[in-house]
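One line per chain: the protein sequences are F and G, in this order. Heads up: the first sequence is residues 585 to 1098, going by our numbering. Heads up: the second sequence is residues 585 to 1098, going by our numbering. Every residue gets a Cβ at the ideal spot worked out from N, C-alpha and C, and that includes glycine. Encoded as structure tokens, the structure appears first; notes follow it.
2 protein chains.
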Amino acid sequence: MSLDERLEKLSENLPDLTDPKVLTKERLEKMIASNLGFDLFYGTERIDKKTFQALLDFAKEKKVLEKMIGMQEGDVVNIIQGVPSENRPALHCSTRDFFDDVASSQRATLARERAKEELTKLEKFEEKMQKFDHIVQIGIGGSELGPRAIYEGLVSFHKKGKTVDFISNIDPDNISYILEKYDLKKTLFISVSKSGTTLETTTNEKIIRQLLEKAGLKSQHQIISVTQKDSAMDDKEKYLECFYIWDYIGGRFSATSMVGGVVLTFGLGMDFYKEILRGASAMDLVARSEEDNLPLLAALFSLWNTTFCNIPTLSVVFYSHFLSSFVSHLKQLEMESNGKAITKDGKNITFSASPILWGGVGSNAQHSFFQLLHQGPPNAALELIGFKKGQYDEDFFIDKTTSQEKLLSNLFAQSIALAKGSENENPNLNFPGNRPSHILIGRRLDPYSMGALLAFYEHKIVFEGFLWDINSFDQEGVQLGKKLADDIIKIYKKEKDHKFDLAEVFIKRLQEKL
Amino acid sequence: MSLDERLEKLSENLPDLTDPKVLTKERLEKMIASNLGFDLFYGTERIDKKTFQALLDFAKEKKVLEKMIGMQEGDVVNIIQGVPSENRPALHCSTRDFFDDVASSQRATLARERAKEELTKLEKFEEKMQKFDHIVQIGIGGSELGPRAIYEGLVSFHKKGKTVDFISNIDPDNISYILEKYDLKKTLFISVSKSGTTLETTTNEKIIRQLLEKAGLKSQHQIISVTQKDSAMDDKEKYLECFYIWDYIGGRFSATSMVGGVVLTFGLGMDFYKEILRGASAMDLVARSEEDNLPLLAALFSLWNTTFCNIPTLSVVFYSHFLSSFVSHLKQLEMESNGKAITKDGKNITFSASPILWGGVGSNAQHSFFQLLHQGPPNAALELIGFKKGQYDEDFFIDKTTSQEKLLSNLFAQSIALAKGSENENPNLNFPGNRPSHILIGRRLDPYSMGALLAFYEHKIVFEGFLWDINSFDQEGVQLGKKLADDIIKIYKKEKDHKFDLAEVFIKRLQEKL
């Protein structure tokens, strides 16, 4: 079944970007949207004026702006109609709405006040963190990916003498490596779990606690928690401090809450952390606007490519070297939010939705997987992101251009090459072209634009959910694996009451051969 | 057009893994192949006995074993019939064939002797490296990804007091970060480019050379090169030492040549480096064998899922925390090798081939993109890799099991959950199942098994190429973007003779807003 007949019809007649009369300078000049210092170039998408208008109309029909404002104001957006579901708002914007008072509803205002309290607590706690040289966040999924992406992306803003690391994996090597690298005495640990029950996190925290005690250190002086009020991790006897999050903050949307706040303040300082919040909040406003709504436009391209052009994956390539962790964050954000089987009405999705998101950093990726993007099957749409200036003040002038100019030349070249292609009588040198992409260029990757970028993607993914009628805020798909893993652990424990015996085959085999 | 009618026919009737009478313990027990300490469990693939036999028959028809032996012996496998092409052998196995004299042809023997010479040179050079604390490899694509994956994967084997890093990106931030981190005086640089002309590498080398001179250091005493004989980088006046590679070693297959050799010897020591070579060479032998040929089996599952089940992507998940860089290596290996449009006869590929490869590390990925794998569109086959023991000697016993046991329980649980699914009247808790995967388990990720794993994937990808009739050894698809980038750089240089003026739009816009 088609999601929209008008768009379906338009997709039967895509503009041919390999035709120089189609892919013109005039086209590229017209197809630009700008906001908050970002330019979005979309002349290399397979879209014409008519399609663009139809996409905007579709967004209007779906009331996506109203829904976005509703989400920011505290509407119950995390819901599946007619069946038991989480039934709650998604108020992550409230964790940074400290500058323009974007939201005004009672619910959003309360959420903002709560978030402000935590920020005030953090401002006081900053002093206590000073005696530590290292901070290690124990957390997995959204408790690692967003904060890590922000921290690693802002290399030139790192506080001297302070290091930030993560223990996320249940793999014992993850902890052993951390122990080898850092002096326990000088290390502050942050345990992050909303529920307070995540297997990986609680296990790793127990291990760290034992190791601290073994080293003669007091674990309650070196571990803090970020969790929900009244969870098992909300305990001032066991933790040096407890910071709060709430059920309306989803893990993958939690980077601007204390899930990111403590670790980023330690690694970057409070001023830069606030700049991140300021940038994110400014993008929250952009996401409410009728004009030049960058996240909405990006979501519409995603809708077009995924649903109407049937392209099953989206490749995101950052032309900024230290954003490679940002790709990992985006993988969760996109696929955990929108990798679903049903709509918000509990009906099976019958159209193509939910792209697989993957990617890397450029120019490196050009020397890796771009071969397939140019000549392989047309299974990826592209998003190319860059910045006018490098993050460090230094640039290098070699052979009449700077490195940043060379980098951007490569970015632009890829977008054009993928669109226009090139014919050659040698079939191995033939490029079919018509591979869609768009380009997002920011001024410079500083804390403010990092915050804006974070929120840009959060809203893009949410808009996609609104367009596809998907609940982007739950993740029931991870439950079955968890349940089975708990059951298989019982085999290792030699408990007899485990239900699924298939894994016995693997375990027996491994034990035979040890 | 179908690649094979018998397999096509079999794909119309796939085994239903959600049926407990199909997915039995007996099935899992039968569907195991073992070699070199690795177990490959493939009972969770959508394959039955008949299909398995048909796949083996197809491999035989395609003469893949003869071709593999031919490749290792120096046959001209890098060729497209009927059109100009690179026309050369792919002799990467010769760079590690030092233990069992696997190859015996004159060409392979000569290649082995040449590689041995370089190893001897490296053994002598090891002494000279001792005075440096840091080594930074300047190289991009295969000159970074393989060596980095191996180095970062073997954390517990790192030499104390020595650090290894890479400058790959033309992004100036990449160099600035390195300069901030390392004392130039204590840093040895390795410039790696087969042709000696790679834009990123030659530019970055020039920058480093200027910075060394500016710091009063002699660049010819601190930079060595890895390149082809007689390239611009084969120059003992400019480099402390020059190591050689040859035109028959492709970048993405070069990790066991001096491209990886120098940097790995610095970071891990010569003994461990040789263990890596030993493991890789042992797997080269496995790839020649009729029985339990692990890379061939993995390639056959890839053929089955990609071509006959039309699954467009392969998600590789390592349940070993520090193999996340290995995913980046594999992305190049798979997509640059097999992301092609034509067969070796120069004809258009008319069947589904060339999966997009992406992935991550487990258990982390379960808290990120596994939502989509379980409930999203069925666009990914899975490969799950783990080890019986952790890499460090230490494991942690909490709540009656060790962390490694918890990790493996998660790995096994995912494979079974994806296959068997689970029905629920709440559609949001419904899991369709029948999502194919296989599991590869090694003993422990030490240098030997790292080498074996590296070669396992090299051969898997090459076998895929043989099965699809693709030339896996060239990468003409990267040329158009390079050409366009060179042209766009001319705009920045204000040279008037550039040919493609589309990018002027982007550049003008950026300059307006600076």
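T782/F to R793/F span [Cα, whole Å]: 16 Å
Neighbourhood of K769/G by C-beta, 7 Å cutoff - its chain only, sequence neighbours within 5 removed: L801
Chain F residues whose Cβ lies nearer than 8 Å to that of I724/G: S947, N948, H951
Among all the DSSP beta bridges, which residues are the ones paired with L966/G? S899/G, S1021/G
Let me make sure I understand the geometry here. Which of K1004/G, G974/G, P1016/G has the alpha-carbon closest to that of P961/G? P1016/G
L907/F versus A733/G - alpha carbon distance: 18 Å
Kindly indicate which residue of I1045/G, D632/G, I663/G, A1039/G has the alpha-carbon position closest to the one of E859/G. A1039/G
If we ignore side chains and look at the alpha-carbon of each, how far apart do I969/F and K915/F end up? 16 Å
Against chain G, which members of the segment 860–884 of chain F pass a CB distance test of less than 8 Å? none
Could you check where the beta strand (DSSP E) with A617/G kicks off and where it finishes? 616–619
Partner residues on chain G for A964/F, Cβ-Cβ distance less than 8 Å: I940
Taking C-beta pairs closer than 7 Å, name the residues in chain G that N1010/F reaches, listed in chain order. V667, P668
The alpha helix (DSSP H) with Q1063/G in it runs from where to where? 1063–1076
Which same chain residues end up closer than 6 Å to A965/G when comparing Cβ atoms and leaving out the 5 residues on each side of it in sequence? N889, I895, L898, P1020
Bridge-paired residues (DSSP) for Q656/F: Answer by DSSP bridge pairing: none, since Q656/F is not bridged.
Give the list of continuous beta strand (DSSP E) stretches no shorter than 3 residues that lie fully inside the segment 856–906 of chain G. 897–902
Closer than 9 Å, CB to CB, is E967/G near chain F or not? no
Going by C-alpha to C-alpha distance, which of H958/F, I808/F, A949/F, G851/F sits closest to I1000/F? H958/F
Does any C-beta atom of chain G lie closer than 9 Å to the C-beta of I1000/F? yes
Neighbour flag for L783/G against chain F, beta carbons, 9 Å: yes
First through last residue of the alpha helix (DSSP H) which encompasses G1049/F: 1031–1052
Quick one: what does DSSP say I833/F is sitting in, helix, strand or coil? coil
Just by C-beta distance, which residues in the segment 978–990 of chain F are closer than 8 Å to chain G? E978, D979, F980, I982, D983, K984, T985, T986, S987, Q988, E989, K990
Neighbour list for A1069/F in chain G, Cβ cutoff strictly below 7 Å: S993, N994, A997
How about T747/G: is its C-beta nearer than 9 Å to some C-beta of chain F? no
Between which two residues does the alpha helix (DSSP H) harbouring H913/F extend? 908–922
Per the DSSP calculation, T811/F is bridged to which residue(s)? Y828/F
Taking just the CA atoms, how far does G726/G sit from Y832/G? 14 Å
Could you tell me the boundaries of the alpha helix (DSSP H) in which S760/G lies? 756–765
Sort Q665/F, T679/F, D659/F by Cα distance to R672/F and report the nearest one. D659/F
Three or more C-beta pairs closer than 8 Å, one from the segment 804–824 of chain F and one from the segment 744–764 of chain F: is that the case here? no
Proximal residues to D1053/G (C-beta, below 6 Å), its chain only, five neighbours per side dropped: T927, K928
Which residues does DSSP list as the beta-bridge partners of R672/F? N662/F
What residue range is occupied by the uninterrupted beta strand (DSSP E) comprising L624/G? 622–625
Could you compute how far the alpha carbon of Q804/G sits from the alpha carbon of K822/G? 5 Å
Quick one: grab the DSSP three-state call for I724/G. coil
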